[in-house]
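From first to last, the protein sequence lines are chains D and Z.
The first sequence begins at 1 in my numbering and counts up one residue at a time.
The second sequence begins at 1001 in my numbering and counts up one residue at a time.
Every residue, glycine too, gets a C-beta built ideally from N, C-alpha and C.
Just so we're clear, the structure is a prediction, and the values are computed from it rather than from any experiment.
There are 2 protein chains.
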Amino acid sequence: MSTVDTIRRFNRSYTQRIGVLEESFLGTGRPLGASRLLFEVGPDGAAVRELRERLDLDSGYLTRLLARLADDGLIEVRPDPADRRRRTVALTAVGQNAYRELDDRSERKARGLLEPLTERQRARLDEALGTADLLIRAATVHLRVVDPVSGAATTALREYYAELDRRFPGGFVPDPPDRGADRFRAPEGAFVVATSDGVSVACGGVRRIDESTGEIKRMWVASAWRGAGLGARLLRRLEDEARRLGCARAVLDTNRVLAEAVAMYGRAGYREIEPYSQDNPYADAFFEKALG
Amino acid sequence: MSTVDTIRRFNRSYTQRIGVLEESFLGTGRPLGASRLLFEVGPDGAAVRELRERLDLDSGYLTRLLARLADDGLIEVRPDPADRRRRTVALTAVGQNAYRELDDRSERKARGLLEPLTERQRARLDEALGTADLLIRAATVHLRVVDPVSGAATTALREYYAELDRRFPGGFVPDPPDRGADRFRAPEGAFVVATSDGVSVACGGVRRIDESTGEIKRMWVASAWRGAGLGARLLRRLEDEARRLGCARAVLDTNRVLAEAVAMYGRAGYREIEPYSQDNPYADAFFEKALG
DNA sequence: TCATATCTCTGACTTTAGTCAGAGATCGCC
DNA sequence: GGCGATCTCTGACTAAAGTCAGAGATATGA
Chain D
1 MSTVDTIRRF NRSYTQRIGV LEESFLGTGR PLGASRLLFE VGPDGAAVRE LRERLDLDSG
61 YLTRLLARLA DDGLIEVRPD PADRRRRTVA LTAVGQNAYR ELDDRSERKA RGLLEPLTER
121 QRARLDEALG TADLLIRAAT VHLRVVDPVS GAATTALREY YAELDRRFPG GFVPDPPDRG
181 ADRFRAPEGA FVVATSDGVS VACGGVRRID ESTGEIKRMW VASAWRGAGL GARLLRRLED
241 EARRLGCARA VLDTNRVLAE AVAMYGRAGY REIEPYSQDN PYADAFFEKA LG
Chain Z
1001 MSTVDTIRRF NRSYTQRIGV LEESFLGTGR PLGASRLLFE VGPDGAAVRE LRERLDLDSG
1061 YLTRLLARLA DDGLIEVRPD PADRRRRTVA LTAVGQNAYR ELDDRSERKA RGLLEPLTER
1121 QRARLDEALG TADLLIRAAT VHLRVVDPVS GAATTALREY YAELDRRFPG GFVPDPPDRG
1181 ADRFRAPEGA FVVATSDGVS VACGGVRRID ESTGEIKRMW VASAWRGAGL GARLLRRLED
1241 EARRLGCARA VLDTNRVLAE AVAMYGRAGY REIEPYSQDN PYADAFFEKA LG
């Protein structure tokens, strides 16, 4: 049975047996759509715009749903002070209760499902769903080329540098954010960010360092997202960008402390070479790969 | 993070990202309900009764959905010759095409999801979803006491005997089906069958053999369902039934060829004892457990 | 400051989904 | 051959979900 079949089979069992959220949205005296919306607003509130995108609703329809929840005293809709065309939604005290009720129902439903399983089986299910969740999320991550000083790029890089600082024995002091940023911009290079639900979860850049060589730098995958092939996918994408820049070879440097990265480069077809530059004081391992 | 949280988190990723079936039912020019129904009828056709139960639809509503599909020339509804109150549904040639289109869409959707993953990640996802599927199905299996000569019991026992016949070196010749069946009926005993989607997937019986001892017999779990704790769950249920019969002790016999069963009895708190009977020529291992 | 774009809201719809009571045909059983 | 049970269908509904065009308020950039 192929993986496609497994997915489809799983999908069938799943939708038939667990409507963990969906079903717990029923029987609250409110239609499904309204409950779903209430849940999506969540305890911290949300912007109308955001809700429309997340739930993919018609703007007129959403307005009416919100009006209904507001009439019931569950939410308050008010203009965003920063841009008064926009509106933001917040739960009232009553709304917080209704939210908690939905949350409880969904939790009870999940508990009910687990109830017949032994501790051992629960642990297995936990692990299997955790793995599936990670892989499904990773598979639906969106990779795109962004400007190296854009918000998405800088938030990703900030996390990257913070991690290097934690992991390198002597810490890590990054260059000022926009130093050399031009090199990661067309036509000299490219910077790629991977986002999931609007959050940056991986990044990396490539820049041409001579006629036919692209250097890959600043590659990072958020720790919660490791082990799902995201690094390899990002690397492939950066190699594609290097090819587009006319490079026949990719090089990169790293530090052996980052053992999982070194292993990944090996799997991706990179082989170790002599240092090709002294520019990076933190580098102690250098790799190259021919781009076919 | 607890398993409940994992389920809920997974559910969120899942419903957001994969509507493998659901979404592929949209955009066919037919409402979701009609597509779902068409898919449920399937290439081999189905009984109206069955459809109503599987999809949990109001009979009036279902009649109308079927009438619509019939008007579109996708299905034919005709009386069941065996019982002319019932009706059966079959796809026409046009309906077969529409079915295939739904099937293709769902397959393409699943393929699209897998596309960004490497072979290695796909294999992991496959395994994770397979495990989750098994455990979720097992958790939602329905255990119930049935008459030992009912259809559910006899189909289960037939499979059980067939398996013994395959696995015992000298084969296995069962007693005639209803021989001793009375013993597995109240007030002397009980027979439990586990069903999933109406199919028997496990069974077992208990009967009182003296004042305070219940003997557990004919325990079987379908091979596709092993490794999901179903055996342990069935055993617990049979012990409950034994307690209800007033037993303070459970005994059982088995054959060492059935190694996984022997291991499971050990985990469930059974300890090996001397033979308590010579009745079963196939038995070479005997166990007991105090029922607290 | 004026044209243009963005965001939300309103009005006027249609379609889908679902419910309920009861009619009519057919079966199994005494 | 009559009675109750079973199965499907019809009529008459309601509620929910979704669509579309355009109005009105507010921001933005030339």
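Cβ distance (whole Å) where residue i is taken to contact residue j below 8 Å
{"i": "G45 of chain D", "j": "Y99 of chain D", "result": "At roughly 11 Å, the Cβ-Cβ gap does not stay under 8 Å, so G45 of chain D and Y99 of chain D are not in contact."}
{"i": "Y1276 of chain Z", "j": "V1251 of chain Z", "result": "6 Å"}
{"i": "C1203 of chain Z", "j": "W1225 of chain Z", "result": "Not a contact, Cβ separation roughly 12 Å."}
{"i": "T3 of chain D", "j": "L1125 of chain Z", "result": "6 Å"}
{"i": "A1139 of chain Z", "j": "V1193 of chain Z", "result": "The Cβ separation is near 17 Å, so there is no contact."}
{"i": "L74 of chain D", "j": "L38 of chain D", "result": "6 Å"}
{"i": "E1102 of chain Z", "j": "L1234 of chain Z", "result": "First, the residue type needs correcting, since residue 1102 of chain Z is Leu and not Glu in the sequence shown. About 37 Å; that fails the 8 Å criterion."}
{"i": "A47 of chain D", "j": "T88 of chain D", "result": "5 Å"}
{"i": "R218 of chain D", "j": "Y265 of chain D", "result": "The pair is not a contact, with the Cβ atoms about 14 Å apart (cut-off 8 Å)."}
{"i": "R1256 of chain Z", "j": "D1284 of chain Z", "result": "6 Å"}
{"i": "R1008 of chain Z", "j": "A242 of chain D", "result": "Going by Cβ atoms, the distance from R1008 of chain Z to A242 of chain D rounds to 41 Å, so no, they are not a contact pair."}
{"i": "E1040 of chain Z", "j": "L1051 of chain Z", "result": "6 Å"}
{"i": "D1297 of chain Z", "j": "F10 of chain D", "result": "Since the first residue of chain Z shown is 1001 and the last is 1292, residue 1297 of chain Z is not available in this structure."}
Within chain Z, partners of residue i - CB distance below 8 Å
{"i": "V262 of chain D", "result": "What V262 of chain D touches in chain Z: nothing, since even the nearest Cβ is about 18 Å away."}
{"i": "R120 of chain D", "result": "G1229"}
Closer than 7 Å at the beta carbon, the chain D residues around residue i
{"i": "F1010 of chain Z", "result": "L129, A132, D133"}
{"i": "A1202 of chain Z", "result": "Result: empty, since nearest Cβ-Cβ is about 13 Å, beyond 7 Å."}
{"i": "T1006 of chain Z", "result": "D126, L129, G130"}
{"i": "E1050 of chain Z", "result": "Going along chain D, no residue has its Cβ under 7 Å from E1050 of chain Z, so there is no contact; the nearest lies around 14 Å."}
{"i": "P1116 of chain Z", "result": "A139, R233"}
{"i": "T1028 of chain Z", "result": "Ordered by position in chain D, no residue passes the 7 Å Cβ test against T1028 of chain Z, which lies about 17 Å from the chain."}
{"i": "A1110 of chain Z", "result": "V4, I7, R8"}
Spatial distance of residue i from residue j (CA atoms)
{"i": "F1286 of chain Z", "j": "T1213 of chain Z", "result": "14 Å"}
{"i": "R1137 of chain Z", "j": "A1082 of chain Z", "result": "33 Å"}
{"i": "E272 of chain D", "j": "T6 of chain D", "result": "39 Å"}
{"i": "R167 of chain D", "j": "L258 of chain D", "result": "8 Å"}
{"i": "L1245 of chain Z", "j": "A123 of chain D", "result": "34 Å"}
{"i": "G189 of chain D", "j": "R49 of chain D", "result": "34 Å"}
{"i": "S1013 of chain Z", "j": "A1153 of chain Z", "result": "40 Å"}
{"i": "E288 of chain D", "j": "Q278 of chain D", "result": "16 Å"}
{"i": "A1034 of chain Z", "j": "L1069 of chain Z", "result": "7 Å"}
{"i": "R86 of chain D", "j": "V77 of chain D", "result": "10 Å"}
{"i": "F1149 of chain Z", "j": "V199 of chain D", "result": "Rather than Phe, the amino acid found at residue 1149 of chain Z in this sequence is Val. In a straight line, the C-alpha of V1149 of chain Z is about 60 Å away from that of V199 of chain D."}
{"i": "P1187 of chain Z", "j": "E1211 of chain Z", "result": "13 Å"}
{"i": "R207 of chain D", "j": "S223 of chain D", "result": "25 Å"}
{"i": "Q1096 of chain Z", "j": "L1230 of chain Z", "result": "37 Å"}
{"i": "L66 of chain D", "j": "R1237 of chain Z", "result": "49 Å"}
{"i": "I1216 of chain Z", "j": "P1079 of chain Z", "result": "45 Å"}
{"i": "E1053 of chain Z", "j": "G1060 of chain Z", "result": "13 Å"}
{"i": "R1158 of chain Z", "j": "D1165 of chain Z", "result": "11 Å"}
{"i": "T1254 of chain Z", "j": "E1260 of chain Z", "result": "11 Å"}
{"i": "P1169 of chain Z", "j": "A1162 of chain Z", "result": "13 Å"}
{"i": "G292 of chain D", "j": "G151 of chain D", "result": "33 Å"}
{"i": "A90 of chain D", "j": "L57 of chain D", "result": "19 Å"}
{"i": "E1274 of chain Z", "j": "C1247 of chain Z", "result": "19 Å"}
Contact check, residue i vs residue j, beta carbons under 9 Å
{"i": "F172 of chain D", "j": "G205 of chain D", "result": "no"}
{"i": "D1240 of chain Z", "j": "F1191 of chain Z", "result": "no"}
{"i": "L296 of chain D", "j": "A228 of chain D", "result": "Outside the modelled stretch of chain D, which goes from 1 to 292, sits residue 296 of chain D, for which no answer is possible."}
{"i": "V1262 of chain Z", "j": "T1195 of chain Z", "result": "no"}
{"i": "R1036 of chain Z", "j": "L1055 of chain Z", "result": "yes"}
{"i": "A232 of chain D", "j": "A268 of chain D", "result": "yes"}
{"i": "R30 of chain D", "j": "D71 of chain D", "result": "no"}
{"i": "T28 of chain D", "j": "R105 of chain D", "result": "yes"}
{"i": "E1119 of chain Z", "j": "T131 of chain D", "result": "no"}
Any non-hydrogen atom of the ligand ATP closer than 8 Å to residue i Cβ
{"i": "V1089 of chain Z", "result": "Of the ligands one can find in the structure shown there are none, so the ligand ATP has no counterpart to examine."}
Neighbouring residues, chain Z, relative to residue i (Cβ below 9 Å)
{"i": "R100 of chain D", "result": "The contacting residues do not exist; R100 of chain D stays about 14 Å from chain Z at best."}
Chain-ordered neighbours of residue i on chain D, where CB pairs are closer than 8 Å
{"i": "E1107 of chain Z", "result": "V4, R8"}
Note down, in chain order, all residues in the region 1225–1244 of chain Z with a beta-carbon under 8 Å from any beta-carbon belonging to chain D.
A1228, G1229, A1232, R1233
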